[in-house]
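To start, the structure itself, in structure tokens.
Number of protein chains: 2
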Amino acid sequence: MKAELITIGDEILIGQIINTNAVFLAKELNKIGIEIAQITSISDQKEHIIEALDASTKRAEVVILTGGLGPTKDDLTKHTLCEYFNDTLIENEEILGHIEEIFKKYVNTPINNQNRQQALLPSKASIFKNDHGTASGMWFEKKGQVIISLPGVPFEMKSLMNQSVIPQLQKHFTRPFILHKTIMTYGLGESAIAERIEVWENNLPQTIKLAYLPNLGRVRIRLSSVGSDEELLKNTIDSEIEKLLPLINDIFVGFEDLTSLEIQIKEGFVNQQKTLALAESCTGGEIASRLTQVAGASEYFKGCAVAYHTQSKTDLLGVSAALINKYSVVSKEVASAMAENARKKFNATVGLSTTGNAGPSKGDSDAEIGTVWIAIATQDKIVTEKFLFGIHRERVIGKSVNKALELLMNQTI
Amino acid sequence: MKAELITIGDEILIGQIINTNAVFLAKELNKIGIEIAQITSISDQKEHIIEALDASTKRAEVVILTGGLGPTKDDLTKHTLCEYFNDTLIENEEILGHIEEIFKKYVNTPINNQNRQQALLPSKASIFKNDHGTASGMWFEKKGQVIISLPGVPFEMKSLMNQSVIPQLQKHFTRPFILHKTIMTYGLGESAIAERIEVWENNLPQTIKLAYLPNLGRVRIRLSSVGSDEELLKNTIDSEIEKLLPLINDIFVGFEDLTSLEIQIKEGFVNQQKTLALAESCTGGEIASRLTQVAGASEYFKGCAVAYHTQSKTDLLGVSAALINKYSVVSKEVASAMAENARKKFNATVGLSTTGNAGPSKGDSDAEIGTVWIAIATQDKIVTEKFLFGIHRERVIGKSVNKALELLMNQTI
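Sequence lines, in order, name chains A and B.
Under our numbering, residue 426 is the last one in the first sequence; the count climbs by one each step, no gaps.
Under our numbering, residue 426 is the last one in the second sequence; the count climbs by one each step, no gaps.
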């Protein structure tokens, strides 16, 4: 059971936006047992759209197109699909009413001719109303295959997928189960891991596919499998993981869940009635930002002092200038004081701090570029750890944030 | 002059990672006059790689593959390219020495057999040494076309592109110039904009391609053109923009530059010897995080108080509890006090604050979900603005951050 995605629009091809839609679509389709065989990003040109459709329908049962459904002249998807399916556009009264309603509610101007044309839709397609916009979703069937066209605006696409496309695909196709399980490791390169687990890997059942994903100091090991018996699938993967874990117990960090680390942290803190405060220096607010993306973060997250400038570590967090002078701003002692003072200042049960030198220049500390101290303060102790994250700013920040979230998971909940 | 990208590896197809490599590659290739015709993401399967190569080489002069070059068994790109070009692997002594050196320096263990195999490289390819890893870049030529294979790890890929691939492409091909100029607007939907600028759009020269990109409350209007005369290209686009601006002066926010807003803000503040402090509530540290991604942010950025919990607005920022009780935590008055107190607390010349209700539940304020106040305090005045950003958390946060950065640009530098 294969699907392919085709994204239409120059914005991806010129690097103006990141293809985040693909991530969402892939995850949602995997959840209902549909694998993605290929993702194709093309320009909004009729010939190229048709060529991509021809190629995709040779490989996959389901093809999802995103983009090119707007009201402006650069939007060609609807007309191209009409030509592809030898179809004509007819006015859809329900959709026209919906468009008028949206304009009355949010825009407060009458609809213009271009908006009205959004209600002209292919006669052969099933139409999905877009609650958050004026471009409808379309579902075409041809020789047992399904071709779906959705708007490219992420929010509108997601809502149409959840409300209409996923339920419809579930009804239309008998689908297998797909299971991915990802193990996070820290501290060993992929080749060294592969060497260590070679015998295990060679004895994996044929039905399990193994992949290594190195990035930002971590190597993720992913086991994937597809099958019609969900229970068997789970048991097979779980029993292989049970054999694997003893081989990597010194580098094992945890499982990468469908549930992100940020959500797991929220749930852990809320369940244990703990609260969190942060004092970020080199990570610049990124940890706070990641944690507060999760709805309900206010149930446990008190706040964060981004003490970027050395002086602000004193003014805002009350870390003594003498301590900073004695040990330097990137030190175990300052990290500890930041974590403990954040905990007290925000009246939280847990305080976490980062202080480091992300580069490219050395700033207020003599510490080697890439040096980062992370401290976690709780009511009865302070745990600190020192890291060397290399010389590249973006990576030092990224690795520090990842590591801080991991420590928060492992040390406090 | 067309290029295509092929990314190899399941991690994109199952939605485990975002294809950020494509953004970097597209931008860098556009800068040297090479357009991307298609981006294809496929699994690491030999047949699919060969099929994608066949299709891409029919459309483009340059094909860049990323991924599948690691030392583990799931990495098939090198062997597949060997087969595709009817080539054999030979040991490259220089690369072997480089791999040994990397292991000595960073890993401190002798190299194993899998690492050694990374030095086995196709005899017909030009080899690019990877300073940050053990997977080399490869450059194949066939009938005037160029096929390049790079590792998928973003950092290694970027460094190989900058050091080897871009200079080599510049030498190898005569290339045209590509120019994109993007105008940001705020406050009007794309169809209303299109209607307003219809006459202008209809009279655009054939050489200019126009696109509308709506997202998070903004519509970006992009003009793109390709040609051999750089000066003419610039003048044509600039003169069209000169005609466009008077038509949209009420919704015009600025130009989206290759230079991001964050970098422009840093440069503006540093040039004017201003400094910045933030007090973030609903944006949760995201503004601070965005600004501190830029190297040298410490030259103007003092810090940020993420006062997420109402109590912390008092404890950390000294906003009086009486003021919060009187006006509520999401109010003009509290936003003003947060911005002004942040400015004073961090001893900065400019203070910016956000306070709002990102949803999904109402929290400590009665304000309607989606209500956000942004305030900017300078030595002589405080400017405040109220926004209604809808009911969806992710969008409320995203729109607030975008708007705050825009206000920072327009109000203070």
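By construction, the Cβ of each residue, glycine as well, lies at the ideal position given by its N, Cα and C atoms.
Just so you know, these numbers come straight off a predicted model, no measurement behind them.
List the whole-angstrom C-beta distance separating Leu258 (chain B) from Phe265 (chain B), where the pair is believed to meet the contact cut-off of C-beta under 8 Å.
-> Your numbering for residue 258 (chain B) matches position 245 in the second sequence. Your numbering for residue 265 (chain B) matches position 252 in the second sequence. Sure, about 6 Å apart at Cβ, within 8 Å.
Using the DSSP secondary-structure output, state which residues sit across from Leu163 (chain A) in a beta bridge.
-> The count along the first sequence starts at 1 and reaches residue 163 (chain A) at position 150. Answer is A:Thr79.
Which residues, in chain order, does the region 92-103 of chain A contribute to contact with chain B at a C-beta distance below 8 Å?
-> none
Going by CA-CA distance only, name the one from B:Cys317, B:Asn262, B:Ser325 that's closest to Thr288 (chain B).
-> Here residue 288 (chain B) refers to the residue found at position 275 when the second sequence is read from its first residue. Residue B:Cys317 is the option with its Cα nearest to Thr288 (chain B).
Ala308 (chain A) versus chain B: which residues are under 7 Å apart at the beta carbon?
-> Position 295 of the first sequence, counting from 1, holds the residue named residue 308 (chain A). Pro373, Arg406, listed in chain order.
Helix, strand or coil: which one does DSSP assign to Ile124 (chain B)?
-> As a working note, residue 124 (chain B) is residue 111 in the second sequence. Here Ile124 (chain B) sits in coil by DSSP.
What are the start and end residues of the alpha helix (DSSP H) that includes Phe1 (chain A)?
-> The question about residue 1 (chain A) has no answer here: the residues shown for chain A are numbered 14 through 426.
Cβ of Gln424 (chain B) within 8 Å of any chain A Cβ = Within the second sequence, numbered from 1, the residue matching residue 424 (chain B) stands at position 411. No - not a single Cβ of chain A is within 8 Å of the one on Gln424 (chain B).
Take Phe359 (chain A) and list the residues in its own chain whose beta-carbon comes closer than 6 Å to its own, dropping the five residues that flank it on each side.
-> Numbered from 1 along the first sequence, position 346 holds the residue referred to as residue 359 (chain A). The residues are Ala290, Lys315, Gly316.
Is Pro373 (chain B) near Ala308 (chain A), with beta carbons less than 8 Å apart?
-> Here the question's residue 373 (chain B) lines up with position 360 in the second sequence. Here the question's residue 308 (chain A) lines up with position 295 in the first sequence. Contact: yes.
Using CA coordinates, which residue listed in A:Ser349, A:Ala355, A:Val343 is at the minimum distance from Gly383 (chain A)?
-> Here residue 383 (chain A) refers to the residue found at position 370 of the first sequence. Nearest of A:Ser349, A:Ala355, A:Val343 to Gly383 (chain A), Cα basis: A:Val343.
When the cut-off is 8 Å and only beta carbons count, does Ile21 (chain B) lie next to chain A?
-> As a first step, residue 21 (chain B) must be located in the second sequence, where it is residue number 8. No, Ile21 (chain B) does not count as interfacial toward chain A.
Touch test, the region 132-139 of chain A against the region 34-54 of chain A, Cβ-Cβ under 8 Å, three pairs minimum = no
Can you say whether Asp67 (chain A) is buried or exposed, counting buried as having 16 or more other CB atoms within 10 angstroms of its CB?
-> Start at 1 with the first residue of the first sequence, and residue 67 (chain A) comes out as number 54. Asp67 (chain A) should be labelled exposed.
Going by other Cβ atoms of all chains shown within 10 Å of its Cβ, with 16 needed for buried, is Val409 (chain B) buried or exposed?
-> For this step, residue 409 (chain B) is matched to residue 396 along the second sequence. Buried, by the Cβ-count rule.
Between Leu223 (chain B) and chain A, is there a C-beta pair that is closer than 8 Å?
-> On the second sequence, residue 223 (chain B) is found 210 positions in, with the first residue counted as 1. True, the Cβ-Cβ gap to chain A drops below 8 Å.
Starting from Lys358 (chain B), find everything on chain A with Cβ-Cβ shorter than 9 Å and list it in chain order.
-> Here residue 358 (chain B) refers to the residue found at position 345 of the second sequence. Residues of chain A passing the Cβ test: Ser325, Asp328, Leu329.
With DSSP run on the structure shown, which of helix, strand or coil describes Val343 (chain A)?
-> The residue you call residue 343 (chain A) lines up with position 330 of the first sequence. Coil.
Cross-strand partners of Ser238 (chain A) (DSSP beta bridge) | Position 225 of the first sequence, counted from the start, is the residue given in the question as residue 238 (chain A). Answer by DSSP bridge pairing, in chain order: A:Leu192.
Which of helix, strand or coil DSSP assigns to Val178 (chain B) = Reading the second sequence from its first residue, position 165 is the one you call residue 178 (chain B). Here Val178 (chain B) sits in helix by DSSP.
To the nearest whole angstrom, what separates the beta carbons of Tyr313 (chain B) and Lys279 (chain B), a pair I think is in contact under 8 Å?
-> Your numbering for residue 313 (chain B) matches position 300 in the second sequence. Your numbering for residue 279 (chain B) matches position 266 in the second sequence. 6 Å between Cβ atoms; contact.
Out of B:Glu211, B:Asp393, B:Asp144, B:Val166, which has the shortest C-alpha to C-alpha gap to Asn125 (chain A)?
-> In the first sequence, the residue the question calls residue 125 (chain A) occupies position 112. Looking at the Cα atoms, B:Glu211 is the closest of the given residues.
Mind listing the chain A neighbours of Lys156 (chain B)? Cutoff is C-beta to C-beta under 9 Å, in chain order.
-> The residue you call residue 156 (chain B) lines up with position 143 of the second sequence. Those within 9 Å of Lys156 (chain B) in chain A number zero; the least Cβ separation is about 21 Å.
Exposed unless 16 or more other CB atoms sit within 10 angstroms - verdict on Gly110 (chain B) = One-based indexing of the second sequence puts residue 110 (chain B) at position 97. It is exposed - the Cβ of Gly110 (chain B) has fewer than 16 other Cβ atoms within 10 Å.
Within this structure, are the beta carbons of Pro189 (chain B) and Ser273 (chain B) separated by less than 8 Å?
-> Walking along the second sequence from the start, residue 189 (chain B) turns up at place 176. Walking along the second sequence from the start, residue 273 (chain B) turns up at place 260. Contact flag unset, no.
Determine whether the Cβ of Ile410 (chain B) lies closer than 8 Å to any Cβ atom of chain A.
-> Start at 1 with the first residue of the second sequence, and residue 410 (chain B) comes out as number 397. Chain A contact via Cβ: present.
Please check if any C-beta of chain B sits within less than 8 Å of the C-beta of Thr122 (chain A).
-> Along the first sequence, one-based indexing puts residue 122 (chain A) at 109. Judged by the 8 Å Cβ criterion, Thr122 (chain A) is in contact with chain B.
Output yes or no for whether 8 Å exceeds the beta carbon distance between Gln306 (chain B) and Glu275 (chain B).
-> Position 293 of the second sequence holds residue 306 (chain B). Position 262 of the second sequence holds residue 275 (chain B). For Gln306 (chain B) and Glu275 (chain B), yes; Cβs fall inside 8 Å.
Under three-state DSSP, which class holds Gly364 (chain B)?
-> Stepping through the second sequence from its first residue, residue 364 (chain B) is reached at position 351. Correct three-state label for Gly364 (chain B): strand.
Using a Cβ-Cβ distance under 8 Å, would Glu253 (chain A) count as near chain B?
-> Residue 253 (chain A) sits at position 240 when you count from the first residue of the first sequence. It does not: the Cβ of Glu253 (chain A) has no partner Cβ on chain B nearer than 8 Å.
Can you tell me which of the three DSSP states Leu26 (chain B) falls into?
-> Numbered from 1 along the second sequence, position 13 holds the residue referred to as residue 26 (chain B). Leu26 (chain B) falls in the helix class under three-state DSSP.
If contact means a Cβ-Cβ distance below 9 Å, which residues of the region 37-66 of chain A contact chain B?
-> Phe37, Leu38, Ala39, Lys40, Glu41, Leu42, Asn43, Glu48, Ile49, Ala50, Gln51, Ile52, Thr53, Ser54, Ile55, Ser56, Asp57, His61, Glu64, Ala65
From Ala380 (chain A) to His405 (chain A), what distance separates their C-alpha atoms?
-> Looking up residue 380 (chain A) in the first sequence gives position 367. Looking up residue 405 (chain A) in the first sequence gives position 392. Their backbone Cα atoms lie some 15 Å apart in a straight line.
Quick one: list the residues of chain A neighbouring Thr198 (chain B), beta-carbon separation under 8 Å, in chain order.
-> As a first step, residue 198 (chain B) is located in the second sequence; it is residue number 185 there, counting from the start. Simply none; closest approach about 13 Å.
Between Asp263 (chain B) and Ile337 (chain A), what straight-line distance do the alpha-carbon atoms span, to the nearest angstrom?
-> As a first step, residue 263 (chain B) is located in the second sequence; it is residue number 250 there, counting from the start. As a first step, residue 337 (chain A) is located in the first sequence; it is residue number 324 there, counting from the start. Between Asp263 (chain B) and Ile337 (chain A), the C-alpha separation is close to 50 Å.
Are Ile206 (chain B) and Arg233 (chain B) touching if we call contact CB-CB under 8 Å?
-> As a first step, residue 206 (chain B) must be located in the second sequence, where it is residue number 193. As a first step, residue 233 (chain B) must be located in the second sequence, where it is residue number 220. Not a contact, by the Cβ cut-off of 8 Å.
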